[in-house]
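Visitor: This is the structure I want to talk about, given as structure tokens.
Numbering (the numbering used here), first residue to last: 51 to 566.
Next up, the structure:
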């Protein structure tokens with residue numbers, strides 16, 4: 051699953067690079083496209099997306115354990131309910147497109163606003179595509195199939211890459227006045243990628259032996275119970291989307307390229323989280339839900355602790371790499387084509403700031419799965435609201451206190467403070483609910499990993515200083531040399547400190563190589 055996610059994320063990176071080259075990093079067109087293409091995800095998360103991990107997977111797991119047909123009828127009705135709800139939401143979103151654009155991008159010019167509205171109306175059917183894909187993927191996960199849902203985004207990215215390359219080859223405009231052909235290529239091509247992703251997952255579900263059938267009447271799945279749980283999930287998602295909207299608005303105050311710098315840095319920052327943490331969380335949630343359903347809380351604690359420690363030994367050195375090498379990463383990835391050099395520089399500083407948020411964000415999201423397994427959506431929602439409140443306050447402070455060009459750099463700092471707060475509150479709640487959270491082992495592992503990461507960071511900084519060539523080639527050499535030096539320093543320190551989680555991870559990744 052991690053390999054599939056890595057391949058999908060690499061393709062996602064290429065997608066970002068191609069679109070930046072074709073539409074122009076720092077241009078108003080790319081900002082407009084990015085905001086419009088973000089809206090379907092935001093609306094989907096608001097309506098259904100947050101329920102997948104917190105409600106749908108635990109409910110499907112319990113139905114598979116208790117229903118005589120192994121939960122097939124339950125899953126069919128749940129899929130039907132989601133299709134009907136998202137179909138209605140898609141229509142409403144298309145009608146409300148102007149309001150949503152004004153909410154997310156108040157700093158747009160009149161031309162950007164008009165184009166964003168047109169783009170978004172082509173993109174909003176993605177809401178339904180994402181919902182079907184996610185629900186089918188959740189059913190596959192319950193049936194023990196994890197690979198196809200992880201590979202499916204690769205198809206989406208490949209199609210959008212083809213669209214971007216075509217746009218670049220035909221010489222499409224980088225302004226906000228597009229020809230009908232340019233508009234249709236970008237709009238239809240982008241949504242076609244999501245449709246292909248959905249089709250792949252649905253076909254995999256069919257091949258698994260699951261009978262796909264929509265029920266005209268989806269009752270019989272405990273809609274009232276889902277509604278009671280869903281109210282708190284809705285609060286959780288609304289507050290998370292408020293934070294996203296606040297960050298996007300703050301980025302739009304940074305002038306042309308601000309939104310693109312923020313979103314592209316976010317995409318880079320989320321790659322290690324998606325490859326490592328999401329793979330861990332996706333695999334462990336059905337199992338944690340089974341333990342919770344049986345009242346085996348000690349096994350829930352053990353699973354959460356192992357997941358946090360496993361993710362930590364990978365995320366900590368990557369976070370240090372972001373902090374040290376963010377500007378060089380941005381230059382290597384984006385300083386080409388129609389990209390603006392100033393926006394590339396801002397993107398690099400934003401990525402460095404995101405390094406502060408990676409570890410607390412990852413641990414916070416993993417511990418939240420413990421609350422999901424216990425079906426405690428109320429507590430999860432209240433903690434998410436607290437995180438959002440801290441993050442929104444931080445974004446507002448960045449907008450008020452920082453110069454326009456630096457506002458976007460303050461956003462990930464606000465995120466880091468918010469997620470650190472959420473992590474500590476979630477840990478305290480789980481300790482009260484489960485009795486203990488393996489605190490001594492977690493503290494010991496964190497201390498050792500911190501020392502190993504500091505050693506690797508010092509090695510990387512020394513190597514990067516030795517190269518020190520301010521150019522695209524120099525940045526590439528810096529990344530290679532500093533990456534090797536930092537990785538070597540981290541592994542050597544990890545061995546001396548006997549970080550057992552790192553040993554197990556290496557043994558799993560390199561089973562035929564003696565790594566310790």
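Even glycine gets a Cβ: it sits at the ideal position worked out from N, Cα and C.
(1) Less than 8 Å between the CB atoms is what I'm expecting for residue 81 and residue 309, so what's the real figure, rounded?
(2) Can you tell me the Cα-Cα spacing of residue 93 and residue 87, whole angstroms?
(3) Note down, in chain order, each residue of its chain lying with its Cβ closer than 8 Å to the Cβ of residue 447, except the 5 sequence neighbours on either side.
(4) Taking the alpha-carbon positions, what's the residue 186 to residue 485 distance?
(5) Within a Cβ cutoff of 6 Å, which residues of the same chain sit near residue 282, ignoring the five residues on either side of it in sequence?
(6) What does the Cβ neighbour count give for residue 188, buried or exposed, with the cut at 16 atoms within 10 Å?
(7) Could you check if residue 149 is buried or exposed, using at least 16 other CB atoms within 10 Å of its CB as the buried criterion?
(8) Cβ atoms of residue 534 and residue 513: under 9 Å apart, would you say?
(9) Taking 7 Å as the limit between beta carbons, can you name the residues of its chain near residue 369, skipping five residues before and five after?
(10) What residues in its chain sit with their C-beta under 6 Å from that of residue 437, if we drop five residues either side in the sequence?
(11) Going by other Cβ atoms of all chains shown within 10 Å of its Cβ, with 16 needed for buried, is residue 529 buried or exposed?
(12) To the nearest angstrom, report how far apart residue 542 and residue 366 are at their CA atoms.
(13) For the alpha helix (DSSP H) that contains residue 120, what are its first and last residues?
(14) Measuring only the C-alpha atoms, how far is residue 497 from residue 231?
(15) How is the alpha helix (DSSP H) around residue 522 delimited, first residue to last?
(16) Taking all protein chains shown into account, do 16 or more other C-beta atoms lie within 10 angstroms of the C-beta of residue 159, making it buried, or fewer, making it exposed?
(17) Excluding the 5 residues flanking residue 201 on each side, which residues of the same chain have their C-beta closer than 8 Å to its C-beta?
(18) Which residue marks the beginning of the alpha helix (DSSP H) containing residue 393, and which one marks its end?
(19) Distance, Cα to Cα, residue 470 vs residue 477?
(20) CB-CB under 7 Å to residue 241, same chain, minus the five flanking residues each way: which ones, in chain order?
(21) Does the stretch 411–425 come close enough to the stretch 318–333 that 3 or more CB-CB pairs lie under 8 Å?
Guide: Taking the structure as given:
(1) 5 Å
(2) Across the structure, residue 93 and residue 87 are spaced so that their CA atoms are roughly 11 Å apart.
(3) Residues of the same chain with a CB within less than 8 Å of the CB of residue 447, apart from the 5 flanking positions on each side, are 460, 464 in chain order.
(4) Cα to Cα, residue 186 sits roughly 35 Å from residue 485.
(5) Within the same chain, and ignoring the five residues on either side of residue 282 in sequence, the residues whose Cβ sits closer than 6 Å to its Cβ are 427, 428, 431.
(6) buried
(7) Per the 10 Å Cβ criterion, exposed.
(8) It is a contact, given that the beta carbons lie within the stated cut-off.
(9) 405, 408, 409
(10) 468, 472
(11) buried
(12) 15 Å
(13) Per DSSP, residue 120 belongs to no alpha helix (DSSP H) and is neither H nor E.
(14) 57 Å
(15) 522–547
(16) exposed
(17) Same-chain partners within the cutoff: 54, 57, 58, 250.
(18) 391–404
(19) 11 Å
(20) Within the same chain, Cβ atoms closer than 7 Å to the Cβ of residue 241 are found at 172, 173, 175, 176, the five residues on either side in sequence being excluded.
(21) Here the stretch 318–333 makes contact with the stretch 411–425; the two share three or more CB pairs at distances below 8 Å.
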